[in-house]
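S.K.: Next up is a structure, given as structure tokens.
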Amino acid sequence: MHIVTSNKTLGSICALLATLVWSGNFIIARGLGDVLPPLTLATLRWATASIVLLPFTAHIMWRERALLRTHWKHLFISAMFGVTIFNSFIYKAGHTTEALNLSLIATTTPVFVVILSRIYFGEAITRFRAMGLLVSISGIVLLVTRGQLQVLQDLSFHEGDLWMLGAGFLWAVYSILLQKKPKTINPYAYLETTFIIGLIPLIFGAFIEQSISPQFSCTPTIIGSVLYIGIGASLIAYVLWTKAMATIGPTTASFIYYTLPAFCAVEAYFILNESTSWAQGVGFLLIVSGILLATHPRFNPQKL
């Protein structure tokens, strides 16, 4: 019993640390928004992650090269959604919206997962799931309108919020793809392969960005930030989250993930001098309440 309790405690700590590390990604997305264009920042992130991980996975990838070739279509699509486009959307959003809003909208991914699971896997949308979706959507609307309903009439949404909403949808698609991941592929070989595949179009995009409007300079802040998102947010957080999933399960881990906006709010206040509005607070409560209704097994015990 003591060992089980200790493992669950360790798993909860791992999930909390992973969420804390990921929150820093949104701070950097916002903080470097005026310094580095989105494709350049995404390229630096995944190039760093790929280089650091390669020495540990090269022999596995070589051993499983036939398996990787067999499943190249799945790997390619996963890389496009989970690496190339998703991260570009986040860093594009960071140019025009607050770090806290980035993290708040990021927590809406489970809403999209519920909808996509219904479409692809035929999972039931129960009464509570439907209620949860409506409540979460209300929170999203409150966030993207900044609490000003006139925005709906004028259709003048905050650009960054819409980019981040798109990123949330893309991550949900990636999550669905992970459920269909070939189980015979080593998870770290899978990860490194998607990193490399997703990095290739980012490199071309970054070259185009820099040729049009050069904005890159190697300052200590940029180097430190790139190392943080390349090693911390892309590798360390993934390992911590994988450990958490194995010990406490996806449901408990997802509840801990909802602390993301809280971490981001504190970091944004001290690092970026961002304040918190009532719309962000109420929007957060609506989104989390809706997600709990839509995903908690107590309310949704059966699947079709």
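Heads up: the sequence shown is residues 376 to 679, going by my numbering. Yeah, the Cβ is synthetic: ideal placement off N, Cα and C, and Gly gets one too.
Quick check on the burial criterion: 16 or more other C-beta atoms within 10 angstroms. Buried or exposed for N648?
M.R.: exposed
S.K.: Reducing DSSP to helix, strand and coil, say where K558 ends up.
M.R.: Correct three-state label for K558: coil.
S.K.: Specify, as a first and last residue, the run of the alpha helix (DSSP H) that N680 falls within.
M.R.: Since the displayed the chain opens at 376 and closes at 679, residue 680 lies outside it and no answer follows.
S.K.: Return the first residue and the last residue of the alpha helix (DSSP H) that V489 is part of.
M.R.: T484 to F496
S.K.: My understanding is that G665 touches S511, with C-beta atoms under 8 Å, so please give their C-beta distance in whole angstroms.
M.R.: Between S511 and G665 the Cβ distance is about 3 Å, and since that is below 8 Å, they are a contact.
S.K.: Kindly indicate which three-state DSSP category P576 falls into: helix, strand or coil?
M.R.: helix
S.K.: So for Q523, helix, strand or coil by DSSP?
M.R.: Coil, per DSSP.
S.K.: Can you round the beta-carbon distance between A393 and L615 to whole angstroms, since I take them to be within the 8 Å contact cut?
M.R.: 4 Å
S.K.: Please decide whether A422 counts as near chain D, where near means a Cβ-Cβ distance under 7 Å.
M.R.: Among the protein chains of the structure shown there is no chain D, as only one such chain exists.
S.K.: Among the candidates A404, T418, L610 and P636, whose CA atom is the shortest distance from the CA of L428?
M.R.: L610
S.K.: Compute the distance between the beta-carbons of A424 and F570, then report whether it is under 7 Å.
M.R.: yes
S.K.: Using the Cα positions of Q554 and F456, report the straight-line distance between them to the nearest angstrom.
M.R.: 14 Å
S.K.: G522: which of L574, L667, A433 and L661 sits nearest, CA to CA?
M.R.: L661
S.K.: Could you check whether the segment 629-641 touches the segment 436-443, counting it as contact only if at least three pairs of C-beta atoms, one from each stretch, sit closer than 8 Å?
M.R.: no
S.K.: L391 and T634 look like a contact to me (Cβ under 8 Å); what is the Cβ gap, rounded to whole Å?
M.R.: 7 Å
S.K.: Ordered along the chain, which non-local residues of its own chain (more than five positions away) have a Cβ less than 7 Å from that of I623?
M.R.: Excluding five sequence positions before and after I623, the CB atoms of its chain that fall closer than 7 Å to its own CB belong to K383, G386, S387 and A390, given in chain order.
S.K.: Please state whether DSSP places T432 in a helix, a strand or coil.
M.R.: If DSSP states are grouped into helix, strand and coil, T432 belongs with the helices.
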